[in-house]
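Visitor: If you're matching positions, the sequence shown starts at 0 in numbering that gives the first Met the number 0 and goes up one per residue.
We treat Cβ as the ideally placed atom computed from N, Cα and C, and that holds for glycine.
Structure in structure tokens, see below.
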Amino acid sequence: MRSFKFTFVFAAVIMLLAGCRDNVEPWRVMWNTMGTVASIRTKGDGDCVKTGKLLAGTMATFKDVETLLNAHKSDSEISRLAALPDAEVLKSCANEMRPCYEAAFALMRESGGAFNPRWRGDSSLDLGSIAKGFAVDLACDAIASDAIEIPCLVDLGGNVKSVRGSWRTGVKDPNGEGFAAVVELQDGEALATSATYFRGAHIYDGRTNKPVENDVASVTVLCRSAMWADGFSTTLFVLGVDEGRKFLDTHQDLLGAVGEVSALWVLKDGRKIVHPESASSRNKFQL
Numbered sequence: 000m001r002s003f004k005f006t007f008v009f010a011a012v013i014m015l016l017a018g019c020r021d022n023v024e025p026w027r028v029m030w031n032t033m034g035t036v037a038s039i040r041t042k043g044d045g046d047c048v049k050t051g052k053l054l055a056g057t058m059a060t061f062k063d064v065e066t067l068l069n070a071h072k073s074d075s076e077i078s079r080l081a082a083l084p085d086a087e088v089l090k091s092c093a094n095e096m097r098p099c100y101e102a103a104f105a106l107m108r109e110s111g112g113a114f115n116p117r118w119r120g121d122s123s124l125d126l127g128s129i130a131k132g133f134a135v136d137l138a139c140d141a142i143a144s145d146a147i148e149i150p151c152l153v154d155l156g157g158n159v160k161s162v163r164g165s166w167r168t169g170v171k172d173p174n175g176e177g178f179a180a181v182v183e184l185q186d187g188e189a190l191a192t193s194a195t196y197f198r199g200a201h202i203y204d205g206r207t208n209k210p211v212e213n214d215v216a217s218v219t220v221l222c223r224s225a226m227w228a229d230g231f232s233t234t235l236f237v238l239g240v241d242e243g244r245k246f247l248d249t250h251q252d253l254l255g256a257v258g259e260v261s262a263l264w265v266l267k268d269g270r271k272i273v274h275p276e277s278a279s280s281r282n283k284f285q286l
């Protein structure tokens, strides 16, 4: 099934890129998936076959994740597993999806439920606060392991990751126009932002099952995993600055080998707080 899907998407993408030409200028393709907008930007190679293969693979990966982890579809894997205990979910889920479930359950335990994939009830399961980042990691891992050495930037609803090369991206100012910060993503670095401006008051405190009410306007997280950046940004939004800084200081080990987490809180009064308070973290966010 995946082979047929990839072949079909690849053919469609080649048709889409039929007018492309060799150049070194960045190009960008956007499409709708997983309830949001995805995009890929590349630079340095205008070969239609190479870029078509890269784009088709990413589209197919996002579609696979959406099919399995869509909590709004009664016949999806996550809906069928929702009533099971966490341990049984991990035993029964598709192997390629297991890291996403494991990360969500780990964040739930370690955050005291602030991040909670079962916030709608014990028989519910929703990975919406981490699945998009997970899909980006899967797609970028495939791109990085491919012989097609094209620098690219993958973006899925604000979950952004660089594959080869450096890319400048902005962090939207939640209190006004323009950017709150600019970040230059190096090869393998990922960025995710949780903010109410994406879909209104959609961020819930898993401990109360109610929308978050605190002084946070947005949280942006930078590390080497889009999945963990996605999950951490939600967790730190719920926890707020004081609890969030303590959480970062004591839970870096959750990320294993994906490196240090740096976070930027933008508060409703306009203040910006970067943590850890090291020179390296401050330099990552150009305020």
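Taking C-beta to C-beta, are Trp118 and Tyr203 nearer than 8 Å?
Guide: Cβ distance < 8 Å, so Trp118 and Tyr203 count as in contact.
Visitor: CA-CA distance, Ile147 and Leu53?
Guide: Cα to Cα, the separation comes out at about 8 Å.
Visitor: When you compare the CB positions of Gly103 and Leu126, do they come within less than 8 Å of one another, or not?
Guide: For the sequence presented, residue 103 should be read as Ala rather than Gly. Yes. Within cutoff.
Visitor: Please go through the region 117-197 and give each complete alpha helix (DSSP H) segment of 4 or more residues, from N-terminal end onward.
Guide: Those alpha helix (DSSP H) runs which fall completely within the region 117-197 and span 4+ residues are 130-144.
Visitor: What residues are listed by DSSP as bridge partners for Ser110?
Guide: Answer is none; Ser110 lacks a bridge partner.
Visitor: Reducing DSSP to helix, strand and coil, say where Val48 ends up.
Guide: Correct three-state label for Val48: helix.
Visitor: Looking only at its own chain, which residues have a Cβ that is under 6 Å from the Cβ of Gly199, when we skip the five neighbours before and after it?
Guide: Since pLDDT at Gly199 reaches only 49, below the 50 mark, its modelled position is unreliable, and no value is offered.
Visitor: Are the CB atoms of Ala113 and Pro173 nearer to each other than 8 Å?
Guide: Not in contact: Ala113 and Pro173 (Cβ atoms no closer than 8 Å).
Visitor: Could you check whether Thr41 and Ile149 sit closer than 8 Å to each other, using their CB atoms as the reference points?
Guide: In this structure, Thr41 lies closer than 8 Å to Ile149 by Cβ.
Visitor: According to DSSP, is Asn282 helix, strand or coil?
Guide: In this structure, Asn282 counts as helix in the three-state DSSP scheme.
Visitor: Once the 5 residues before and after Gly269 are set aside, which same chain residues still bring their CB inside 6 Å of it?
Guide: So the qualifying residues of the chain are Asn174.
Visitor: Using only CA atoms, which one of Pro210, Asn282, Ala228 and Ala141 lies nearest to Val181?
Guide: Nearest C-alpha to Val181: Asn282.
Visitor: Do the region 176-193 and the region 68-76 meet, that is, are 3 or more Cβ pairs less than 8 Å apart?
Guide: Touching, no.
Visitor: State buried or exposed for Val135, treating a residue as buried only when at least 16 other CB atoms are found within 10 Å of its CB.
Guide: It is buried - the Cβ of Val135 has at least 16 other Cβ atoms within 10 Å.
Visitor: For Val237, report the span of its alpha helix (DSSP H) as first-last.
Guide: Counting along the chain, the alpha helix (DSSP H) containing Val237 begins and ends at Ala225 to Thr249.
Visitor: For Gly169, count the other beta carbons within 10 Å of its own beta carbon; 16 or more makes it buried, fewer makes it exposed. Which is it?
Guide: Looking at its Cβ environment, which holds fewer than 16 other Cβ atoms inside 10 Å, Gly169 is exposed.
Visitor: Classify Lys267: buried if its beta carbon has 16 or more other beta carbons within 10 angstroms, exposed otherwise.
Guide: It is exposed - the Cβ of Lys267 has fewer than 16 other Cβ atoms within 10 Å.
Visitor: The beta strand (DSSP E) with Ile272 in it runs from where to where?
Guide: Its beta strand (DSSP E) spans residues Lys271 to His274.
Visitor: Pull up the CB-CB distance for Gly187 and Asn158, whole angstroms please, since I reckon it's below 8 Å.
Guide: Actually they do not touch by this definition, with Cβ atoms about 14 Å apart.
Visitor: Hey, Phe231 and Val220: beta-carbon distance below 8 Å or not?
Guide: Yes, the Cβ-Cβ distance between Phe231 and Val220 is below 8 Å.
Visitor: Taking 7 Å as the limit between beta carbons, can you name the residues of its chain near Gly92, skipping five residues before and five after?
Guide: One point to set straight first is that residue 92 is Cys, not Gly, in the sequence displayed. Cβ neighbours of Cys92 beyond the five flanking positions: Glu76, Leu80 and Tyr100.
Visitor: Could you spell out the range, first to last residue, of the beta strand (DSSP E) harbouring Val215?
Guide: Start and end: Val215 to Cys222.
Visitor: Taking just the CA atoms, how far does Gly243 sit from Ser348?
Guide: No answer is possible for residue 348: it lies beyond the span of the chain, which begins at 0 and ends at 286.
Visitor: Look up Arg40 in the DSSP assignment and say whether it is helix, strand or coil.
Guide: Here Arg40 sits in strand by DSSP.
Visitor: Starting from Ser261, trace the alpha helix (DSSP H) both ways and give me its first and last residue.
Guide: Segment Ser261 to Leu266 is the beta strand (DSSP E) holding Ser261; no alpha helix (DSSP H) there.
Visitor: Less than 7 Å between C-beta atoms, sequence neighbours within five positions excluded: which residues of the same chain meet that for Arg97?
Guide: So the list reads Leu89, once near-sequence residues are dropped.
Visitor: Any idea what DSSP makes of Lys72, helix, strand or coil?
Guide: Coil at Lys72, not helix or strand.
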